[in-house]
Amino acid sequence: MKHKIQIKSPATIANLVCGFDILGLAVEEPYDIMTMELSDQPGLEIIHLDEYQLTTIPAENVAGGALLAMLEDVKDAPGLKLTIDKKIKPGSGLGSSAASAAGAVMAASKLLQQTFTEEDLVRYAMFGEKVASGVKHADNITPCLLGGITLIRSILPIDIVKLNSPELHITIVHPQIEVKTSDARQILKKEVQLKNAIKQWGNIAGLVAGFMKEDYDLIGRSLEDVIIEPIRSILIPGFDEVKALSKEAGALGGGISGSGPSIFMLSKDKNTAIHVETAMKDVYNRIGIDYKTYVTRLNKEGIKIIE
Ligand code: HSE
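In numbering that gives the first Met the number 0, the protein residues as written are 0 to 306.
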């Protein structure tokens with residue numbers, strides 16, 4: 000039995016514009032590095048090497064909450080020490096909490112040689128999301144665990160579908176403001192008008208069909224959100240401009256990453272993705288808000304074992 004496992008747990012983009020809480024994809028960068036070791040001390044010890052001052056009390060820590068849920072189903076579990084080097088900033092909209100939760104359960108299940116199903120791992124990891132935002136949602140966790148583009152058809156019972164992953168380049172801008180997922184959910188309307196629902200499910204079906212057929216025009220046309228984006232985009236200065244200029248630069252389309260404030264754009268090739276990055280930078284340089292950008296690709300594998 001191995002004593003130690005080290006993994007890269009990737010950032011993810013939830014919602015994919017029209018698919019609130021049901022669609023998501025994994026990216027190559029950024030990612031967290033997590034090391035799980037067997038320990039002589041019983042229970043769970045968590046160490047954070049990053050600067051984010053996250054609690055290391057297991058029940059209050061996102062990775063800890065997910066692990067504790069999993070360990071309830073492991074007989075005679077040994078002591079575990081988890082070291083997290085977080086590169087995905089919490090509150091960025093890039094699935095930071097999902098990377099911790101999914102990474103922790105994946106690493107522990109491998110280290111302890113458990114035979115949990117993908118659905119089990121999603122279920123355990125959702126306890127971590129609950130610690131983070133008070134709500135169990137799986138649209139970041141699932142692509143983080145499985146890689147590629149995923150659909151959550153249902154979380155009760157868990158029914159997850161890995162979709163076809165066409166070649167996609169992804170540009171992300173993270174304006175350095177914080178939007179808490181809990182706040183970004185709080186402001187949403189509880190009811191939806193039928194005419195908007197019809198538009199939205201047309202777009203979701205179009206987007207899924209676009210991914211399956213690798214029809215980039217259909218993907219671009221379907222990246223439209225008439226329900227969530229009009230409300231949430233108010234929290235993100237420069238949003239409309241970033242979107243308009245990114246499309247002018249050749250992006251297929253995009254929108255708010257998860258609950259924001261990051262904005263993502265999909266492109267067919269790397270050159271376009273780089274032009275989109277320039278357009279994004281121009282907007283925030285002009286507005287005078289600090290930002291970070293990434294030009295990355297669809298991550299088809301999800302969590303990767305380093306050693
Ligand atoms: N689907 C979730 C939301 C993702 O948009 O609230 C949060 O990262």
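No residue lacks a Cβ here, since even glycine has one placed at the ideal position from N, Cα and C.
For N284 and I226, the gap between their C-alpha atoms comes out near 29 angstroms. Note that the segment 177–189 touches the segment 254–272; at least 3 beta-carbon pairs, one per stretch, sit closer than 8 angstroms. L120 places its beta carbon 8 angstroms or farther from that of V130.
The C-beta of Y30 has 16 or more other C-beta atoms within 10 Å across all chains shown, which makes the residue buried.
Our two residues, K267 and D214, have alpha carbons roughly 11 angstroms apart in a direct line. For P29, the three-state secondary structure derived from DSSP is strand. Taking the Cα positions, T292 is about 11 angstroms away from M264. In this structure, P156 sits away from G23, with a CB-CB distance that is not shorter than 8 angstroms.
Counting C-beta pairs closer than 8 angstroms gives three or more between the segment 271–282 and the segment 165–181, which meets the contact rule. In this structure, DSSP gives V241 a helical state, which the three-state scheme calls helix. Spanning the alpha carbons of T34 and N298 requires a straight line of approximately 21 angstroms.
Note on the segment 66–100: whole beta strand (DSSP E) runs with a minimum of 3 residues are 78–84, in chain order. Of the heavy atoms belonging to the ligand HSE, at least one sits nearer than 7 angstroms to the Cβ of N14.
Counting other Cβ atoms within 10 Å of its Cβ, M69 reaches 16 or more and is therefore classed as buried. Of all alpha-carbon atoms in K1, K7, H2 and K3, the one lying nearest the alpha-carbon of I304 is that of K7. Under the three-state reduction of DSSP, Q5 is assigned to strand. Residue pairing by DSSP puts S266 in a beta bridge opposite H168. The alpha helix (DSSP H) runs of length 4 or more contained entirely in the segment 166–247 are, from start to end of the chain, 180–185, 193–212, 215–221, 228–231 and 238–247. Assigned with DSSP and collapsed to three states, Y293 falls in strand.
Under the three-state reduction of DSSP output, I140 falls in the helix class.
With respect to the C-alpha of L150, the residue from L111, N195, G90 and A208 having the closest C-alpha is A208. Residue range G252 to I255 is occupied by the beta strand (DSSP E) that includes G252, with no alpha helix (DSSP H) assigned at that position.
The beta carbons of V275 and G254 sit about 13 angstroms from each other, so the pair does not count as a contact at 8 angstroms. The distance from the Cβ of G94 to that of N139 is about 4 angstroms, consistent with a contact at the 8 angstroms cut-off. Around the CB of I46, fewer than 16 other CB atoms lie within 10 Å, so the residue is classed as exposed. About 6 angstroms separates the beta carbon of L81 from that of A62, a gap short enough to meet the 8 angstroms contact definition.
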